[in-house]
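The structure appears right after this line, and notes come after that.
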Amino acid sequence: MPKAQKTKPGIDAPPQTVLVLQGGGALGAYQGGVYEMLAEHGYHPDWVVGTSIGAINSALIAGNPPELRLARLQAFWHQVARA
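1 is the number of the first residue of the sequence shown in the UniProt record's numbering; add one for each residue after it.
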């Protein structure tokens, strides 16, 4: 079996930011509000990941173009609140 080759850290790679959203039902609405404030202050993560309700929020954020992310996330949570 060949030996694994050591790799060098990505010296030239630009820094990336990741937004990690946890699960926990009611936390999902809170996460929506936090994302709203982050977006309003110009924070746009390169990656969004989550588990449970955090995965749903992550999909709404990552699955839409930047200009629609907040509106789609808000629409989802308004619909959930009415149910």
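Where is the CB? At the ideal position from N, CA and C, for every residue including glycine.
- Query: Near R69, what residues of its chain come up, given a Cβ to Cβ distance below 6 Å and the 5 sequence neighbours on each side ignored?
  - Reply: Sequence index remark: in the sequence shown, residue 69 carries index 69 (1-based). Result list for R69: I61, in chain order.
- Could you please give me the residues that DSSP links to W18 through a beta bridge? Numbered from its first residue, the sequence shown carries residue 18 at position 18. Here residue 18 is Val; the residue named in the question, Trp, does not match the sequence. The partner list for V18 (beta bridge, DSSP) reads W47.
- Task: Closer than 7 Å by C-beta to P66: which residues in its own chain qualify, once you throw out the five before and the five after it? Chain order, please.
- Result: Here residue 66 is taken as the residue at index 66 of the sequence shown, counted from 1. For P66, where only same-chain residues beyond five positions count, the Cβ hits under 7 Å are H44.
- Query: What's the call for G63, buried or exposed, on a 16-neighbour Cβ count within 10 Å?
  - Reply: Counted from its first residue, the sequence shown places residue 63 at position 63. Classification of G63: exposed, given that the 10 Å Cβ count is below 16.
- Task: Check whether the Cβ atoms of residue 102 and G28 lie closer than 8 Å to each other.
- Result: The question about residue 102 has no answer here: the residues shown for the chain are numbered 1 through 83.
- Message: Buried or exposed for Y35, going by 16 or more other Cβ atoms inside 10 Å?
- Response: The count along the sequence shown starts at 1 and reaches residue 35 at position 35. Y35 is buried by the Cβ-count criterion.
- Query: Buried or exposed: where does G24 fall if 16 or more other Cβ atoms within 10 Å of its Cβ makes it buried?
  - Reply: If you number the sequence shown from 1, residue 24 lands on position 24. G24 should be labelled exposed.
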